[in-house]
Amino acid sequence: MTGGSRGLGLAICRAFAEAGAKVAFTFSKNVEDAAAAQRLVAGAGSDPLVFHGSVSDAQHVQATVAQLSEAWGGIDVLVNNAGPTQILPVALLEEADWDAVMNTNVKGAYLFSRAVLKSMIRARRGHILNVGSFASERIVEAPIHYAAAKSALRGMTEALAREVGRYDIKVNLIAPGLLDVGLAKILPRHRVDEYLAQCPMGRLGTVEEVARSVVFLVSDENSFMTGAKLVFDGGL
Amino acid sequence: MLALESEERVLHQTTSLCRVCKNAVPANVVANAAGEVWMQKACDDHGPQAVRLSTSAEWYQRTRAIQQRRVAPPAVRHEVDHGCPFDCGPCANHTQKIRLPVVTITSACNLDCPICYVHNKNDDAFHMGVESFGQVLEHLARDQGGELDIVNLTGGEPTVHPHFLDFLAMARQAGVHRVTICTNGIRLAKDERLVQRVAELGGRVALSFDSFERDADEMLQGARLLDIKLRCLELLQKYGVDTTLIPVMTRGVNDHEIGKILAFAFEQPNVRHIEVHTMTFTGQSGATFPRSGRISMLEVLERIEQTTEGLLRVDDFVASPCAHPLCYQIAYLLVDPEGGAPIPFTRFMPAAELYAALSDRLYLEPTAKLEQSMRESIDRLWAYGGAEAERTLGLLKRLLGLMFPCDRALPSGEALRIAEQAVKAVYVHSHMDEETFDTERAADCCDSNCYADGSSIPVCNYNVLYREKEQHFNLTPRRWNGRKGGQRSFPSLPIVTG
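Sequences listed follow chains A and B, in order.
The letter at position 134 of the first sequence is residue 245 when you use our numbering, and the numbering goes up by one with no holes.
The letter at position 417 of the second sequence is residue 693 when you use our numbering, and the numbering goes up by one with no holes.
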């Protein structure tokens, strides 16, 4: 799991641990959050391996995958979740902001996917799950670099699924709407109310709801679904 | 009808008060040959009276013509009987719901300021009970639909109330976003632990701060208090207590200092607002203060422009949509943490949009309207450029980055606090006294003194008429006069219900 120290990433790590998986996650900034996440995942049944670094740093990615492969003998599942939420209108969005969001969301997913694919191809099995966003699936107010990055992830998901399907490697994407963590917690109330007014389910999704589906998507139970996207937005 | 001089023209007619007996009298508001605005009236018993309201008829008319957003009080608590301003509660003629609830929790005060515009008593002092305060909060919450932006605790000196910290905690527990304590700062300056407790309870302090000059200090507050004020501010800053400075502007005494006071306030990281009051000549001491000190709203705005060397101009201010337009003028400024001059919002946002963003509350909150205005302002700055465009965009981007950091989600309350720290607000508030009293303004008032039984009285009406009748605040309360001449009906006005 990239970006596993909080929010949806943490919830998925916990769900994986509860399902009996060995879990490892990366984080980039907040050591305290990572330590707390480590304790929570351990409490869910798997003492996780934790790696500190940026997903857009190729050396960090290579080193992380190498250590995991040595420790576990391979990697069955990769979840590309790392991605900053940067709220900026286009007028304030400078090149560095664009690069940072694209690097984390897209280049990071590319680097990690490429790094784990060698062992997955050798094993002729595996799951890669990319965490996208409803921002790429619906016409909603979202920072353009964020929406562009999530759209890129969808394209990468579909193309990669096509390319590695012959090795029984499934590549899928989830596109959550507003959940009970993350963005919804920082948006002004009127923005959340506006969202809920358009949402047939009339409520925010929970990270646990998304995590349950992710467990299925990357498990052996999912034997045929690839190149797919699952939208969790309550029917927006 | 009052006689007019040949070169005078009537701008409007209203009901005022006799400055002696405080019965209501008809008044003409006229523009004279010099372009000034005067209120003229005559009492059958106490003769003709006149007071200057503004130095500019053009400004007065333009400002008075601004259409405020009237939202009717949720409950009428007094029938129209004697007419305005003698039926407060509010009565059915009041046009505005309460935006700034004021709760007078004590009659005791540890100062005796020559500018004091209320009545207090220290012997057998009144201290509001905890139960009564709880009832005030309950009524306010019910009337405001459960959402309370602000409650202002005042006195007397509220910090001498034995339970004022309990009141602060109660208001916060009731969900009040801003609980302000209106204080002279003496107790806080002498008791660091008290400041710490105020901070822990999330209270905000509105500190009277009139002058840096000793003589002016003494003339206005009856004591040399500058060192105490500075010590108080030092402690408030140490504990991060959000603070408002309240200077009372008095012509010829401290009006030349307003720029210095504003510059000082802009430099204090915990000072969020500066609320400039115009001297008001009522109450136990203000009524006898030399009238040479009278200064109008526009004159204060002009002094601000002069003494800040244009950092803030008259046209950087907008009226409050929640009050009569002659009562409040408001400017917001974006703070530059690198030490550059603060940037008034109106330099990057049309005044009409700032006005609209203030339409639901007396203080700026991150509403949908404000968000929309900010977004459009950013686009305009970016697309059209301008002298300060780059710096302004940089400051706005920095603010967004602080409110919405990439690596963590801040609770909305914390994000709001960051937003508040990035701006300064200057409010100029012109209270009325018996001489300048105008029922048109009184009927539109959104600041009210609130009671445990749910009733409320607009603050100018309260200060001028009602408080001197209350046993709680007077050893010998005045009795009501004949309450003659009250205004029983008002022109039909557009009012939103709810």
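For glycine and all other residues, C-beta sits at the position ideal for the given N, C-alpha and C.
What you are looking at is a predicted structure, and each value in this text was computed from that prediction instead of being measured.
For residue i, count neighbouring C-beta atoms within 10 Å of its own C-beta (all shown protein chains included) and say buried if the count is 16 or more, exposed if not.
| i | result |
| --- | --- |
| tyrosine 306 (chain A) | buried |
| isoleucine 297 (chain A) | buried |
| histidine 301 (chain A) | exposed |
| isoleucine 374 (chain B) | buried |
| glutamine 197 (chain A) | buried |
| alanine 220 (chain A) | buried |
| leucine 574 (chain B) | buried |
| aspartate 705 (chain B) | Just to set this straight, residue 705 (chain B) is histidine in the shown sequence, not aspartate. It is buried - the Cβ of histidine 705 (chain B) has at least 16 other Cβ atoms within 10 Å. |
| alanine 145 (chain A) | buried |
| tyrosine 336 (chain B) | buried |
| proline 601 (chain B) | buried |
| methionine 708 (chain B) | buried |
| glutamine 343 (chain B) | exposed |
| alanine 341 (chain B) | exposed |
Hey, how far is the Cα of residue i from the Cα of residue j?
| i | j | result |
| --- | --- | --- |
| arginine 480 (chain B) | alanine 126 (chain A) | 44 Å |
| glycine 184 (chain A) | aspartate 208 (chain A) | 37 Å |
| threonine 317 (chain A) | phenylalanine 245 (chain A) | 15 Å |
| glutamate 181 (chain A) | alanine 286 (chain A) | 32 Å |
| valine 212 (chain A) | alanine 475 (chain B) | 38 Å |
| glycine 345 (chain A) | glutamate 332 (chain A) | 24 Å |
| glutamine 763 (chain B) | aspartate 720 (chain B) | 14 Å |
| glycine 156 (chain A) | valine 329 (chain A) | 18 Å |
| threonine 712 (chain B) | serine 292 (chain B) | 7 Å |
| tyrosine 700 (chain B) | cysteine 360 (chain B) | Looking at the sequence shown, residue 700 (chain B) is not tyrosine but lysine. Near 36 Å, if we compare the C-alpha coordinates of cysteine 360 (chain B) and lysine 700 (chain B). |
| threonine 337 (chain A) | glutamate 274 (chain A) | 11 Å |
| alanine 272 (chain A) | lysine 340 (chain A) | 11 Å |
| isoleucine 280 (chain A) | valine 227 (chain A) | 11 Å |
| leucine 640 (chain B) | arginine 656 (chain B) | 21 Å |
| serine 324 (chain A) | glutamate 129 (chain A) | 14 Å |
| cysteine 726 (chain B) | aspartate 419 (chain B) | 12 Å |
| arginine 743 (chain B) | asparagine 396 (chain B) | 9 Å |
| histidine 288 (chain B) | proline 302 (chain B) | 11 Å |
| alanine 109 (chain A) | valine 326 (chain A) | Since the first residue shown for chain A is 112 and the last is 347, residue 109 (chain A) is missing from the structure and cannot be characterised. |
| glutamine 173 (chain A) | glycine 114 (chain A) | 16 Å |
| serine 334 (chain A) | valine 176 (chain A) | 25 Å |
| methionine 404 (chain B) | threonine 380 (chain B) | 8 Å |
| alanine 633 (chain B) | asparagine 398 (chain B) | 42 Å |
| proline 753 (chain B) | glycine 293 (chain A) | 58 Å |
| serine 230 (chain A) | valine 517 (chain B) | 57 Å |
Starting from residue i, follow its DSSP beta bridges and name the residues at the other end.
| i | result |
| --- | --- |
| glutamine 605 (chain B) | B:Ala595 and B:Val704 |
| arginine 480 (chain B) | B:Thr456 |
| arginine 328 (chain B) | B:Trp314 |
| cysteine 360 (chain B) | B:Gln763 |
| glutamate 551 (chain B) | B:Tyr703 |
| aspartate 243 (chain B) | Absent from the structure is residue 243 (chain B), since the part of chain B shown begins at 277 and ends at 774. |
| glutamine 544 (chain B) | Partner(s): none; glutamine 544 (chain B) has no beta bridge. |
| threonine 113 (chain A) | The partner list for threonine 113 (chain A) (beta bridge, DSSP) is empty, contrary to what the question assumes. |
| phenylalanine 440 (chain B) | Beta-bridge pairing links phenylalanine 440 (chain B) to no other residue. |
| lysine 340 (chain A) | A:Leu284 |
| phenylalanine 136 (chain A) | A:Val161 |
| glycine 237 (chain A) | A:Ile280 |
Would you say residue i reaches chain D, if we count a Cβ-Cβ gap shorter than 8 Å as a contact?
| i | result |
| --- | --- |
| proline 200 (chain A) | Here chain D cannot be found, since the structure's protein chains are A and B. |
If residue i and residue j are in contact, beta carbons under 8 Å, what's the gap, nearest whole angstrom?
| i | j | result |
| --- | --- | --- |
| threonine 554 (chain B) | serine 572 (chain B) | 7 Å |
| serine 612 (chain B) | proline 620 (chain B) | Per the sequence shown, residue 612 (chain B) should be read as aspartate rather than serine. Aspartate 612 (chain B) to proline 620 (chain B), Cβ: 12 Å. No contact. |
| valine 723 (chain B) | valine 740 (chain B) | Position check: residue 723 (chain B) holds aspartate in this sequence, whereas valine was assumed. That pair is no contact at about 13 Å. |
| alanine 309 (chain B) | glutamate 283 (chain B) | 4 Å |
| isoleucine 606 (chain B) | tyrosine 703 (chain B) | 5 Å |
| alanine 260 (chain A) | isoleucine 123 (chain A) | Not quite, the Cβ-Cβ distance comes to about 19 Å (not below 8 Å), so this is no contact. |
| glutamate 320 (chain A) | phenylalanine 343 (chain A) | 7 Å |
| cysteine 364 (chain B) | isoleucine 733 (chain B) | 4 Å |
| leucine 284 (chain A) | glycine 243 (chain A) | 5 Å |
Original post:
With contact counted as at least three CB pairs below 8 Å, one residue from each stretch, are the region 526-543 of chain B and the region 583-590 of chain B in contact?
Top reply: yes
Original post:
Using 8 Å as the Cβ pair cut-off and three pairs as the minimum, do the region 589-603 of chain B and the region 686-693 of chain B touch?
Top reply: no
Original post:
Using 8 Å as the Cβ pair cut-off and three pairs as the minimum, do the region 128-144 of chain A and the region 157-173 of chain A touch?
Top reply: yes
Original post:
Taking three-plus beta-carbon pairs below 8 Å as touching, is the region 540-549 of chain B in contact with the region 494-505 of chain B?
Top reply: no
**OP:** Flag this pair as touching only if the region 379-390 of chain B and the region 333-353 of chain B have three or more C-beta atom pairs under 8 Å; answer yes or no.
**Re:** no
Original post:
Can we say the region 656-672 of chain B touches the region 415-431 of chain B, given the rule of at least three CB pairs closer than 8 Å?
Top reply: no
Original post:
Is it true that the region 412-419 of chain B meets the region 462-474 of chain B, where meeting means three or more beta-carbon pairs spaced less than 8 Å apart?
Top reply: no
Original post:
Would you say the region 186-201 of chain A touches the region 253-266 of chain A, given that touching needs at least three Cβ pairs under 8 Å?
Top reply: yes
**OP:** Report yes or no: do the region 516-523 of chain B and the region 482-489 of chain B share at least 3 C-beta pairs separated by less than 8 Å?
**Re:** yes
Original post:
Can we say the region 551-565 of chain B touches the region 500-508 of chain B, given the rule of at least three CB pairs closer than 8 Å?
Top reply: no
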